[in-house]
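Written out below as structure tokens is the structure these notes cover.
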């Protein structure tokens, strides 16, 4: 048992105890997209994500996930869409980069892409600064007992976010973040929000 990793701030009992068990560790690899205020996916990747799995996702799975939203977007918007990939190593695979070069010529952002995104700089990525943190809060509201339970919670809570347009208004904060980022000459700005 681990008694130290959790601090409890309680008004009722200064001696509150939180039991936490760390017998099993599990993690998951998921993809979700955001187009305007519409969530795209959740897509479950293999436990050990590699470049070929990411390439296959982009080529074969992503079109199915985006079809419903993509079909209602005006053509002039569609041809100008940008694709953002974070700095995960599988996204750097040569097949992934080639695919993005062909599909989004000059319009994709990531490490070594046509528009470089600094590693470990999620400050302007709506999924990082809003969606994933909000989802994590909802998912871990209860004790997670297994990998299967974790997936169930993630998919259920992502659906609740998808169905609540007010929740996705957190994405509107993006423009303010971008303006402050420019104001501080691309330096640290989270403390100014």
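Numbering (this note's numbering), first residue to last: 3 to 195. We treat Cβ as the ideally placed atom computed from N, Cα and C, and that holds for glycine. Just so we're clear, the structure is a prediction, and the values are computed from it rather than from any experiment.
Tell me the rounded alpha-carbon separation between residue i and residue j.
| i | j | result |
| --- | --- | --- |
| residue 7 | residue 145 | Note that residue 7 scores a pLDDT of 48, beneath 50, so its modelled location is shaky and nothing firm can be said. |
| residue 109 | residue 48 | 27 Å |
| residue 4 | residue 119 | Residue placement at residue 4 is poorly supported in this model, since its pLDDT is 41, which falls under 50; the coordinates are not used for a value here. |
| residue 72 | residue 87 | 19 Å |
| residue 59 | residue 135 | 24 Å |
| residue 179 | residue 126 | 6 Å |
| residue 85 | residue 150 | 30 Å |
| residue 155 | residue 165 | 15 Å |
| residue 176 | residue 148 | 34 Å |
| residue 182 | residue 38 | 20 Å |
| residue 66 | residue 42 | 10 Å |
Put residue i into one of helix, strand or coil per three-state DSSP.
| i | result |
| --- | --- |
| residue 195 | coil |
| residue 3 | The pLDDT assigned to residue 3 is 40, lower than 50, so where the model puts this residue is not dependable, and the model offers no usable value. |
| residue 66 | helix |
| residue 146 | coil |
| residue 117 | strand |
| residue 84 | coil |
| residue 75 | coil |
| residue 189 | coil |
| residue 58 | helix |
| residue 103 | helix |
| residue 130 | helix |
| residue 93 | helix |
Our contact map puts residue i next to residue j with C-beta atoms below 8 Å; I'd like the distance itself, whole angstroms only.
| i | j | result |
| --- | --- | --- |
| residue 95 | residue 35 | Actually they are not in contact, since the Cβ atoms of residue 95 and residue 35 sit about 19 Å apart, beyond 8 Å. |
| residue 152 | residue 30 | 6 Å |
| residue 2 | residue 44 | Outside the shown range of the chain (3 to 195) lies residue 2, about which nothing can therefore be said. |
| residue 55 | residue 107 | Not a contact, Cβ separation roughly 24 Å. |
| residue 132 | residue 98 | Going by Cβ atoms, the distance from residue 132 to residue 98 rounds to 25 Å, so no, they are not a contact pair. |
| residue 101 | residue 61 | 6 Å |
Just list the residues that DSSP pairs residue i with in beta bridges.
| i | result |
| --- | --- |
| residue 45 | 33 |
| residue 138 | None, per the DSSP bridge assignment. |
| residue 111 | 86, 117 |
| residue 40 | 37 |
Kindly confirm or deny that the segment 100-117 and the segment 136-155 touch, where touching means at least three C-beta pairs closer than 8 Å. no
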